[in-house]
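Each remark here refers to the structure printed beneath this line.
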Amino acid sequence: MSTRVNPVMPHGSTAERPFDVVVTPENAGWSYSGLRILDLAVGSRARFTTGDDEMLVLPLSGGCDVTCDDERMTLTGRRSVFTRVTDFAYLPRDSTVTVRAPNGGRFALPAARATRRLPFRYGAAEDVAVELRGAGQASRQVNNFCTPERFEADRLIACEVLTPGGNWSSYPPHKHDEQGERESALEEIYYFEVAAAPSGTAGSAYQRVYGHADRPIEVCAEVRTGDVVLIPYGWHGPSMAAPGYDLYYLNVMAGPGEREWLVRDDPAHGWVRASWNGVPVDPRLPLTSRNERTRS
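Structure below.
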């Protein structure tokens with residue numbers, strides 16, 4: 001990653017019609033990972049090409065019809081990231097795609113530079129593995145919808161994390177920037193959404209990233225819905241949900257090696273895992289499942 005690239009990308013700072021958020025290897029200063037966010041009004045559509053990237057269409061709110069070359073599928077989607085685990089579509093590289101939202105919606109397009117052209121495919125919500133990690137105030141929910149063991153892709157790895165208000169996730173701090181037997185080299189994007197207060201007031205959260213040895217990076221940023229943080233290397237975590245405001249983030253990862261998600265804890269803080277022995281998972285979890293919840 002170029003040292004000139006700011007790792008914190010506020011909502012709207014990278015917008016390019018028709019996308020609210022555009023992260024590419026070129027504007028991130030790295031080689032593999034990308035993300036676009038598409039916000040569609042009722043009855044509108046967007047047409048684009050995937051180029052060298054494999055992509056997903058992941059509904060954040062609303063459903064859509066996805067046409068890829070001469071094939072079409074419908075995604076049920078969800079009312080928001082805090083109400084349901086969603087279905088999604090896989091888009092091959094070198095494809096022409098149209099996303100149409102009869103009732104409007106917001107859609108994430110995680111991406112990775114790909115060498116293989118895999119088929120256009122449907123990912124069912126029922127097949128998403130919902131995992132509860134940590135314990136106590138370090139409890140969080142991870143939706144493993146496009147991880148290596150759950151869904152085939154060329155390089156792309158993606159998951160969703162939901163953290164109840166007041167909890168820390170991505171904790172202990174960890175990294176994946178050196179290729180080896182116990183660690184993968186993966187560029188990572190964090191895209192955030194924060195639940196609003198009952199009054200409608202927007203919520204906020206916080207993200208920490210810090211470097212090691214000769215690879216400096218220093219981030220302690222307030223994040224709000226639509227913001228992005230780039231993690232080219234270094235220890236990252238915690239992701240901190242403010243009390244009263246549940247936190248969602250989408251992780252998008254890709255790198256040069258085998259498609260594996262191997263991480264290493266910061267040895268200064270790895271001891272925290274042992275302190276969870278006998279501590280129950282936060283009873284508020286899971287926040288979502290395949291069934292729609294009534295909250296907005």
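Numbered per full-length UniProt numbering, the sequence shown spans residues 1 to 296. Here a beta-carbon is modelled for each residue, glycine too, at the ideal position from N, C-alpha and C.
Span of the alpha helix (DSSP H) holding residue i?
i, result
"residue 312", "It is not possible to answer for residue 312, since the shown part of the chain is limited to 1 through 296."
"GLU26", "25-28"
For residue i versus residue j, is the C-beta distance shorter than 8 Å?
i, j, result
"ALA111", "ASP69", "no"
"VAL130", "VAL81", "no"
"LEU285", "PRO164", "yes"
"SER61", "ARG36", "no"
"THR74", "THR98", "no"
"PRO7", "ILE217", "yes"
"VAL194", "TYR245", "yes"
"GLY123", "SER184", "no"
"LEU38", "ALA28", "no"
For residue i, name the three-state secondary structure that DSSP assigns.
i, result
"ALA213", "coil"
"GLY77", "strand"
"SER275", "helix"
"GLU292", "coil"
"ASP127", "helix"
"GLN179", "coil"
"ALA221", "strand"
"residue 297", "This structure cannot speak to residue 297, because the chain is shown only from 1 to 296."
"GLN207", "strand"
Does residue i come within less than 8 Å of chain B when only Cβ atoms are used?
i, result
"LEU186", "No chain B is present in this structure, which holds just one protein chain."
Figure out for me which residue from the options has the closest Cα to the Cα of residue i.
i, options, result
"ILE157", "GLU149, PRO164, THR163", "GLU149"
"HIS236", "CYS220, THR225, LEU38", "CYS220"
"TRP30", "ASP282, LEU230, PRO286", "LEU230"
"THR225", "ARG100, ALA197, ASP214", "ALA197"
"ARG113", "SER33, LEU262, ASN277, TRP271", "SER33"
"TYR191", "GLY51, GLY105, LEU109, THR96", "LEU109"
"ALA153", "LEU56, SER199, VAL223, GLY77", "LEU56"
"GLY278", "GLY136, PRO59, GLY105", "GLY136"
"GLY104", "ASN27, SER139, THR76", "THR76"
"TRP261", "LYS175, PRO243, GLY12", "LYS175"
From residue i to residue j, what does the alpha carbon distance come to, in whole angstroms?
i, j, result
"GLY234", "GLY43", "43 Å"
"LEU10", "GLN207", "Residue 10 is actually Pro in this sequence, not Leu. Using only the alpha carbons, I get a separation of about 13 Å."
"GLU292", "VAL21", "27 Å"
"TYR90", "SER289", "21 Å"
"ASP65", "LEU186", "31 Å"
"ASP266", "ALA241", "21 Å"
"VAL5", "PHE19", "20 Å"
"LEU287", "VAL142", "10 Å"
"ASP87", "TYR210", "34 Å"
"ASN167", "PRO25", "31 Å"
"GLY51", "ASP227", "25 Å"
"SER2", "LEU132", "For SER2, the pLDDT reaches just 49, beneath the cut-off of 50, and the residue's location in the model is therefore unreliable, leaving the point undetermined."
Could you spell out where the beta strand (DSSP E) holding residue i opens and where it closes?
i, result
"TYR122", "121-123"
"ALA108", "105-113"
"PRO59", "53-68"
"ASP39", "33-40"
"SER44", "44-49"
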